[in-house]
C-alpha cells in the first residue's frame with residue numbers, strides 16, 4: 018500500500034457553556050485538535066491526532082502547515098506498512114539513509130516540538146491503516162492485551178473547596194474508582210490548593226484513588242509545600258508539579274515526598290523520558306500519543322516503564338483518536354494500571370467519531386477489539402468545524 022495523500026484539518030468546536038471550565042489555561046470555550054488523514058492507493062484511510070497544545074485549546078495552523086507542506090511531500094509514495102522506516106524518514110530528514118544504514122540517529126533540528134507532534138498524527142494513522150488492512154486491533158499488533166478490562170479514572174476536578182467533593186462524587190457515581198483534580202496556580206495560593214485537596218479527600222470514600230495535577234505551574238518550593246500539606250491525603254500521584262523544562266527540580270520535589278510523581282505528557286520522544294528517568298524525577302510516565310511521536314514512540318516509552326519498573330499511564334486528554342491510541346498502548350503494556358477518561362466538555366471525544374467510547378457501570382474500559390483504532394470520523398462534524 019502506497020501513501021497517495023496526507024491531509025490535516027484544524028478542528029475547533031465550541032464547548033457548551035454548561036460544560037466549560039476555568040483552569041490555569043483560562044476559561045476554555047473551544048476545543049481544538051488536528052485530525053490527520055492518511056490515504057493509500059488501495060483507498061484505505063487511517064486517522065490520527067497531532068497536538069499543537071497539551072490543553073484543550075490552541076491554534077493548530079502551524080501543525081497543519083508542517084504536515085501538508087513539509088512532511089507530506091517526503092512521504093507520498095512510501096509504503097504505508099513500513100511504519101518504522103517512515104518514522105526515521107521524518108526524524109532524520111535527508112540523512113535518513115545514514116540513520117537506517119548505521120543504526121543511530123542523525124536528527125533534524127525539529128526533533129522536538131511541532132514536527133514530532135505532526136509525526137505523531139501520521140504515525141498513529143499508519144498504525145490505524147495497518148490494523149484495518151490486517152483486520153486486527155492495534156493492541157494485537159503490539160503483542161496483544163495484558164488484560165481484558167482496565168479501570169478508568171475520571172479526569173476533571175476544577176471546582177472550589179466548597180464544591181469539589183460534590184463534583185468528584187458525581188464522577189464516582191458513574192462507576193469510576195479513581196478521580197483526578199486540578200491544582201496549582203489556578204488556585205492563587207498553595208494553601209487554597211491544599212484546602213481543596215483536603216476537602217476532596219474528606220468527601221471521597223477511602224478506596225477511591227485521588228490524583229492531583231498542577232499542569233506544571235508550581236515552583237519547586239511551592240510544590241514541596243503542597244506535598245507537605247496533603248501528605249495525609251493518600252494521593253495516588255501528583256502530576257506535573259513544576260515546569261516540565263526543570264527536570265532537576267522535578268527530581269528535587271520527588272525526593273522530598275512519599276507521594277508518587279507523574280510526568281511526561283509534555284515530552285517529545287523517548288529521549289526526553291529517558292532524561293526524566295535518569296534524573297530520578299518520576300514514578301509514573303505519561304506519554305501522549307499525539308505529542309510523543311505516535312504509537313511507535315509511545316511503545317518505546319512503555320518499554321522504558323517496564324525496564325525501570327515505573328507505572329505507565331498514557332495521557333489521554335484529547336480526541337477519540339489519541340484516546341484509543343493511548344488505550345491501545347496501556348492495554349499492551351504490563352506497566353499500566355489505569356487509563357485517563359475525560360469528563361470535561363470534550364466534543365472531540367464524543368461528537369467527532371461515529372462510535373461511542375464509554376466505560377461500564379464499574380468504571381472499567383474493555384480492551385480494544387475493532388480493527389485499527391476502531392473509529393471513523395463523523396464527516397459532517399469535521400466539515401462543520403474545520404478552520
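Residue numbers (my numbering): 18 to 404. Where a beta carbon is used, it is the ideal one built from N, C-alpha and C, also for glycine.
Determine the DSSP secondary structure at residue i, reduced to helix, strand or coil.
| i | result |
| --- | --- |
| residue 297 | coil |
| residue 167 | strand |
| residue 360 | coil |
| residue 7 | Here the chain covers residues 18 to 404 and nothing more, so residue 7 does not appear. |
| residue 247 | coil |
| residue 221 | coil |
| residue 384 | coil |
| residue 302 | strand |
| residue 279 | strand |
| residue 254 | strand |
| residue 117 | helix |
| residue 288 | helix |
| residue 389 | strand |
Ends of the beta strand (DSSP E) at residue i?
| i | result |
| --- | --- |
| residue 194 | That residue, residue 194, is in no beta strand (DSSP E); it is neither H nor E in DSSP. |
| residue 26 | 20 to 31 |
Less than 8 Å between the C-beta atoms of residue i and residue j, yes or no?
| i | j | result |
| --- | --- | --- |
| residue 277 | residue 306 | no |
| residue 48 | residue 364 | yes |
| residue 155 | residue 161 | no |
| residue 350 | residue 66 | no |
| residue 75 | residue 69 | yes |
| residue 250 | residue 226 | no |
| residue 376 | residue 392 | no |
| residue 195 | residue 219 | no |
| residue 41 | residue 234 | yes |
| residue 171 | residue 382 | no |
| residue 159 | residue 336 | no |
| residue 44 | residue 402 | no |
| residue 284 | residue 259 | no |
| residue 191 | residue 380 | yes |
| residue 46 | residue 32 | yes |
| residue 295 | residue 254 | no |
| residue 138 | residue 21 | no |
In terms of residue numbering, what span does the alpha helix (DSSP H) encompassing residue i cover?
| i | result |
| --- | --- |
| residue 317 | 311 to 324 |
| residue 402 | 396 to 402 |
| residue 393 | First-last for residue 393: undefined, no H or E at that position. |
| residue 229 | No alpha helix (DSSP H) holds residue 229; the beta strand (DSSP E) holding it covers 226 to 230. |
| residue 372 | Per DSSP, residue 372 belongs to no alpha helix (DSSP H) and is neither H nor E. |
| residue 271 | 264 to 272 |
| residue 345 | 337 to 349 |
Within the present structure, is the beta-carbon of residue i separated from the nearest heavy atom of the ligand ADP by less than 7 Å?
| i | result |
| --- | --- |
| residue 334 | With respect to small molecules bound, the structure shown includes none, and the ligand ADP cannot be examined in it. |
If you measure from the beta carbon of residue i to each beta carbon in chain C, is any gap under 8 Å?
| i | result |
| --- | --- |
| residue 178 | Of the protein chains in the structure, only one exists, and it is not chain C. |
Exercise for review: Would you be able to state if there are at least three C-beta pairs under 8 Å between the region 96 to 110 and the region 263 to 271?
Suggested key: The region 263 to 271 vs the region 96 to 110: no contact.
Practice item. Quick one: which unbroken beta strand (DSSP E) runs of 3-plus residues sit fully inside the region 47 to 100? Chain order, please. Key: List check, beta strand (DSSP E) in window: 47 to 57, 62 to 67.
Review point. Which residue spans inside the region 132 to 211 form an unbroken alpha helix (DSSP H) run of at least 4?
Key: Whole alpha helix (DSSP H) segments, 4+ residues: 155 to 158, 181 to 189.
Practice item. Assess, as a yes-or-no matter, whether the region 112 to 130 is touched by the region 309 to 323 under the definition of 3 or more beta carbon pairs within less than 8 Å. Key: The region 309 to 323 makes no contact with the region 112 to 130, as fewer than three CB pairs between them are under 8 Å.
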